[in-house]
Amino acid sequence: MASSTPASGTSLDVAEIVAAAPSAATTSLWRDAWRRLLRNKLAVVGGVTVVLLCFVAIFANVLAPRSYTKANFDSIYVFPSREFPLGTDQLGRDVLSRMIYGARVSMLVGLGSQVIVLLIGVPLGAVSGFIGGRTDILMTRFIDVMYAFPRLLFVILVMSMLGAGLMNIFIALGLTGWVGIARQTRAQVLTLKEKEFVEGARALGARGWRVLTRHVLPSALTPIVVSITFGIPEAIFTEAALSFIGVGINPPTPSWGQMVGENQQFLRSYWYLCVFPAIAIAITMLSFTFFGDGVRDALDPKMK
Amino acid sequence: MLTYILQRLLWLIPTLLAMALVTFLVMHATPGSPLDPVAEGANPLSPEAQKNLAAAYGLDKPLWEQFSIFVGKALRGDFGQSFIYKTRTVSEILIDAFPVSLLLGSMALVLAVAGGVTLGVLAAVYQNRSWDYVSVSVATLGVSVPNFVLAVFLIVLFSFVLPIFPTGGWGEPKDWVLPTVTLALGPMGIIARFTRSSMVEVIRSDYIRTARAKGLAERPVILKHVLKNACIPVVTLLGPLFAAVGTGSFFVESIFRVPGMGRFFVLSMTGRDYPMIMAVVLLYGVFLTLMNLAVDLLYGFIDPRIRY
Amino acid sequence: MKIPDQQLALFEQRLQTIGLGRRDFLKAVGAMAAFGGLGFATSAESYTPTKPAPGDKLAKDQTFRYGGGGWYQSEPSSHDFNKDLYCSGVPSLFAGLMVFNADFLAVPWMATKVEGNKDGSVWTFTIRKDSRWSDNAPVSARDFEYSWKRQLNPESKAPYAAFLYDIKNGEAFNKKQITDPSQVGVRAKDDWTLEVTLEGPRGYFPVLAAYLAALPSYQRAVEKFGDKWTEPGNIVCNGPFVLDTWEHNKQMTLRKNPYYFGAKDVHLTKVIIPIISVASGALPYENNELDMTALQAGDLKRLQSDPRAGRDVFRYPFPGTWYLTPQVTKPPFDNVKVRRAVGHAIDRDNVVKVAQGLAVPAWSMIPPGFPGATDDAKIKAIQRFDKKAAIEMLKGTPFEGGKNWPKITLSMRDEGLGSKPLAEAVQAVLLENLNMKTDLEVLEPRVFRERLWKQDLQFVWIRWFMDYPDPHNEYFDTFYGKRTTGKRQAWSNEAFDKELEAGRDTRDTAKRLVHYVKAEEILQADAGYVPVAWVVRYAAAKPWVKGIEKNKKGEFVVDGNIYVDMFEHIYITEKA
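Chains as they are written, first to last, in our numbering: chain S, 4 to 307; chain E, 302 to 609; chain H, 7 to 582.
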């Protein structure tokens, strides 16, 4: 490495060197992880399923055989048959089509809430960890308070305040779920702050902001990725719970959680109304979980 | 160690205060007033009646004053009169209901830990063989099906198909089985998976290989060394699991008619029963914080690397 | 004495203040109409206990388990009906001066005789001497004087004290304009005579005395225990049953009050009421943990088709109407043509299919079989389902052809009872027949009410319960335009109001009904509302449960808001 004092020398050189070193490290880190991931069969299956779900969610209007809002009053509560592969609901709507659109909503709930979780949690955690000092202490206390709130109860509280609706669910789930990732980001930032390569970069003159974004964050990414993959199914679950209580998504928008929650009362008569969406949620949960497990294992440098 | 515990306990107070403030503000920001009659067909009250009621509930005072009154009373253990349940104070209601939820939660957690760890160990030891698959299946069930769906399945299975258990209630130990199992399955699944993966990690590690190389028999190796070290990550799970069990109990309590605290919370939400909401949130907060402290201490106990 | 029609308006007001307006007023007035205008019996002979049918063998254990499906789904707030008639407690614990029988006729109960003076401004109740409180203290006139004054006392902060404002100085006392309770017009002349002086002629007053809001409380218990007096152990009851245990949020049990005058005719010795959430459905009933339960949509068809359980299912009268209110102050519903188009677009036959038997198509407010119901073909035609007519109506409006609809939000109250599928069905037919897309907004009950009274909702899906249709309140309470408070919608119409007033002030029953039919016609022509469906309710009772009272039409009558006397008549036969 070219030697140069911080105050002098061509800063361009220094920047290039600093830029070069971690990226080289990053690519080999990512490629390594990718290879490990592929070896984990369960994770691969999970990942493929996740991709399939996203596909279904995006292309719902092409894939669904019928309209999910059209009521067929002559075919109410039809059991799964040739005409309606997954049966019809109380308005004669095709369950299969509703489930396909439901994929979209469920994915949206999962992703939307995680976006908000990240937008709140990561900056809070990173800034807190990086700046340290009194800000950090204040932040940690705040996080502790939020952590002490039982999550579901708080979500219900917030939903009661905002009213039902898709956007409000994102907000409620986001507002209550950022604590975990904030803590983890902060922990990561703290540990990485001390690690050698950051010291090295600093010694070479890279400035605070740069250090944070180019060096610290990529490694802190692991728990973020893991958190998302586990957060999405948890959000879908919570949405089902909210619908069960009655503060969830409004009709006619179908979401798996809402279908399960609403039709739980029919488990003994029109069981298919609740069972199929429940299976869909289960499969989603599992694929995300296996995929998340795989990602975490792959990114963990200890596992060889 | 003692100072650490004291410190954590002292932090409980400002934490609770902050929680109370947040809840108070969110509560009052929620539309719909507790002055509205609870019953279905009732018309709203006349303006005079509403004013009277507001005065009776202390709701006509400015918000900051209401909050300080609340804090003052709470410090003396008086959480006020429930807006909905006229014959008992909030404290009386919770004193009745909290132990029920505590019992249900504890039993569920014990079952989850015992079952989960067992399944996880079996899965790790017999990796990729039959026990592994059994464990994964049970874990799958618990983790992927919402417990209010699971509840009905279990009721149908064990109350109708095999008439062993009643559909609900909380009188005799017989009534405890189904709610506990329903509540435990989710955490059990999580613990099983976690145990399995952390055990697999430990089994592969160097010091276990050394122990084996030293010629130690398989079982003591597993039980003594592997299990102890593998438990450490599982203990970290306990904190959030307490929370999950505590809140998940709402659905289970509703469907199985268990007279616990979870049921009260959502009912008090829709009824805008302010004193009840505050008390329930604070109680959960205290409980969770204490549980987290206990878990942290346990963690320090098990893992000799950690010292407070 | 016949009750003059203008007094009925006051009567209605009283009931409104306790939220009983439409349904209960209609009930009572309907009874009055049905029974030749009196509405109540003056002596106690009209009250009949139930004897077991010949051939019925009484079971040894007369325990009745009741609940579920929506009945007692949440913990009662208390059993203090005297202070708060909506405490959701058990009415069988207390006995008022009068009570409603299965035909909703008010009959003397704790009173043996009811006498009014010439113009109905003073009523004298003679209290029976043979009924006692559960601690063996006699039920006396002083109990009622105390209880009613307690309700009117501003210190009690009783939310529905306005119910008793007919009593002389009652309102003044409650509003603190006078402070001396002895000036309030209810007086125990002696232990057995209660004299009530009213603000003016109130021919209906004895009917008021039959409502839950007039139930007594026990002075000694109230003074000793305050608000906790309805806890078991503290509570003292004068009704056929006493609160024995109350495991909060879990279960209540009642035992027979041995000192109740009719105790020897009361068969049940114990009543168990578990508090069961609607989510459990009919599971407890099917598992034989309950003897009688209400049925929701999820269980109805299944039980009906079960060969054994099918015979347990019965319908009971709980008439109500589902309707839409397009808000006339909010576009696009400010245009009557749009509102009429909506009426034509609702395919009622199909919409009710989603209710799985719990609703039938409606063409007017009052269901058939009740006074004021009309079968007039002209009225039926006004808002009949006719897709072409619906689109025709839109000609000349900015939404011609079903285009350019603005954002429309259909708001409803969050509750069980199958309201959501019906609303979704309405959405579906509106979309199909008018191309009108709506967003369904399910509001929490309190939020819904708040916004309803403010007329803040654009398009409302709302149900109205009615037990006794007397057209006056059915229309007056809901749609009368000249009300100052408590208007559910912004719609009002001069001609309609005139018809209502004429109906109220006419003495001849037949002539009255003519006015109301005309009113319905105006209401529908101006599309102040769109009737969609009438409510139907079902319950199930095990074969060994007998003694459920039947009304004159032969229908079973179960505990509701008016008739609350079921437990006294039920008996259990031996389980085969």
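In this text, a Cβ means the ideal position worked out from N, Cα and C, and glycines have one as well.
Computed from a prediction, not measured in an experiment: that's the story for all the values here.
With DSSP as the reference, label residue i as helix, strand or coil.
| i | result |
| --- | --- |
| D433/E | helix |
| W540/H | strand |
| R455/H | helix |
| D271/H | helix |
| P25/S | Here the model assigns P25/S a pLDDT of 48, short of 50, so the residue's position is not dependable, and the following value carries that caveat. Here P25/S sits in helix by DSSP. |
| L317/E | helix |
| G280/E | With chain E covering 302 to 609 only, the question about residue 280/E has no answer from this structure. |
| G643/H | One cannot answer for residue 643/H here, as it falls past the ends of chain H, which runs 7 to 582. |
| F87/S | coil |
| A185/S | helix |
| G578/E | The question names Gly, but residue 578/E in the sequence shown is Ile. Helix, per DSSP. |
| W58/S | Before going on, a small fix: residue 58/S reads as Phe here, not Trp. Reduced to three states, the DSSP call for F58/S is helix. |
| D67/H | coil |
| G304/H | helix |
Output, in chain order, the set of chain B residues within a Cβ distance shorter than 9 Å of residue i.
| i | result |
| --- | --- |
| P560/E | Of the protein chains in this structure, namely S, E and H, none is chain B. |
Quick check on this structure: which residue in the options has the alpha carbon closest to the alpha carbon of residue i?
| i | options | result |
| --- | --- | --- |
| Q302/H | E292/H, A288/H and E295/H | A288/H |
| F291/S | I239/S, M262/S, L245/S and W274/S | I239/S |
| K155/H | N294/H, S140/H, L200/H and R321/H | L200/H |
| H85/H | A167/H, K234/H and Q68/H | K234/H |
| L309/H | R271/S, V65/S and L40/S | R271/S |
| M408/E | S550/E, V587/E and L584/E | S550/E |
| G566/H | T236/H, N175/H and E555/H | E555/H |
| I456/E | F110/H, A285/H, E500/H and D382/H | A285/H |
Between which two residues does the beta strand (DSSP E) carrying residue i extend?
| i | result |
| --- | --- |
| L200/H | T199 to T203 |
| W365/E | Here W365/E belongs to no beta strand (DSSP E); instead the alpha helix (DSSP H) covers L364 to L376. |
| M418/H | T415 to R419 |
| P114/H | A112 to P114 |
Here's the rule I'm using: 16 or more other beta-carbon atoms within 10 Å means buried, otherwise exposed. How should residue i be labelled?
| i | result |
| --- | --- |
| A125/H | Note that residue 125/H is Asp in the sequence shown, not Ala. Exposed, because fewer than 16 other Cβ atoms sit within 10 Å of the Cβ of D125/H. |
| D462/H | exposed |
| K394/H | exposed |
| A425/E | buried |
| A387/H | exposed |
| P25/S | Its pLDDT being 48, under 50, P25/S is placed unreliably by the model, and nothing is read from it. |
| I584/H | Nothing in the structure corresponds to residue 584/H, since chain H is present only between 7 and 582. |
| A5/S | Any reading at A5/S needs caution, since the residue's pLDDT is 40, under 50, leaving its predicted position unreliable; the model's value is listed next. The residue in question, A5/S, is exposed, as its Cβ has fewer than 16 Cβ neighbours within 10 Å. |
| G406/E | buried |
| T571/E | buried |
| D574/E | buried |
| T511/E | exposed |
| T138/S | exposed |
| M110/S | buried |
Note the first and the last residue of the continuous alpha helix (DSSP H) segment covering residue i.
| i | result |
| --- | --- |
| G124/S | V98 to I134 |
| L412/E | V391 to V426 |
| Q257/H | Run containing Q257/H: none in the alpha helix (DSSP H); it sits in the beta strand (DSSP E), Q257 to K262. |
| W477/E | P474 to I504 |
| D149/H | A147 to L158 |
| E438/H | S425 to L440 |
| T331/E | Where T331/E is concerned, there is no enclosing alpha helix (DSSP H), given that its DSSP letter is neither H nor E. |
Next on the checklist: Using a Cβ-Cβ cutoff of 7 Å, what residues of the stretch 442 to 457 of chain H are near chain E? List them in chain order.
Outcome noted: Within the stretch 442 to 457 of chain H, the residues whose Cβ lies closer than 7 Å to some Cβ of chain E are E450, R452, V453, R455 and E456, listed in chain order.
Next on the checklist: Any C-beta of chain S within less than 7 Å: which residues of the stretch 437 to 465 of chain E qualify?
Outcome noted: Of all residues in the stretch 437 to 465 of chain E, T441, V444, S445, V446, P447, F449, V450, V453 and V457 have a Cβ within less than 7 Å of some Cβ in chain S.
Checklist entry - Of all the residues that make up the stretch 150 to 171 of chain S, which are near chain H by a beta-carbon distance shorter than 9 Å? => result Closer than 9 Å at the C-beta level to chain H, one finds these residues of the stretch 150 to 171 of chain S: S163, G166, A167 and G168.
Item to check | Residues of the stretch 345 to 368 of chain H with Cβ closer than 7 Å to any Cβ of chain S, in chain order | outcome: When CB distances to chain S are screened at a threshold of 7 Å, the residues of the stretch 345 to 368 of chain H falling below it are N356, K359 and V360, in chain order.
Item to check | the stretch 274 to 308 of chain H: positions lying closer than 8 Å to chain E by Cβ | outcome: Correct list: P280, I281, I282, S283, A285, S286, L289, P290, E292, N293 and E295.
Next on the checklist: Please list, in chain order, the residues of the stretch 93 to 126 of chain H that have any C-beta partner in chain E closer than 9 Å.
Outcome noted: Of all residues in the stretch 93 to 126 of chain H, C93 and S94 have a Cβ within less than 9 Å of some Cβ in chain E.
Item to check | Chain-ordered residues of the stretch 49 to 74 of chain S with a beta carbon less than 8 Å from chain H | outcome: Across the stretch 49 to 74 of chain S, CB contacts with chain H closer than 8 Å involve T72, K73 and A74, in sequence order along the chain.
Item to check | Proximal residues, the stretch 235 to 252 of chain H versus chain E, C-beta separation under 7 Å | outcome: Per Cβ criterion, the list reads T236 and E237.
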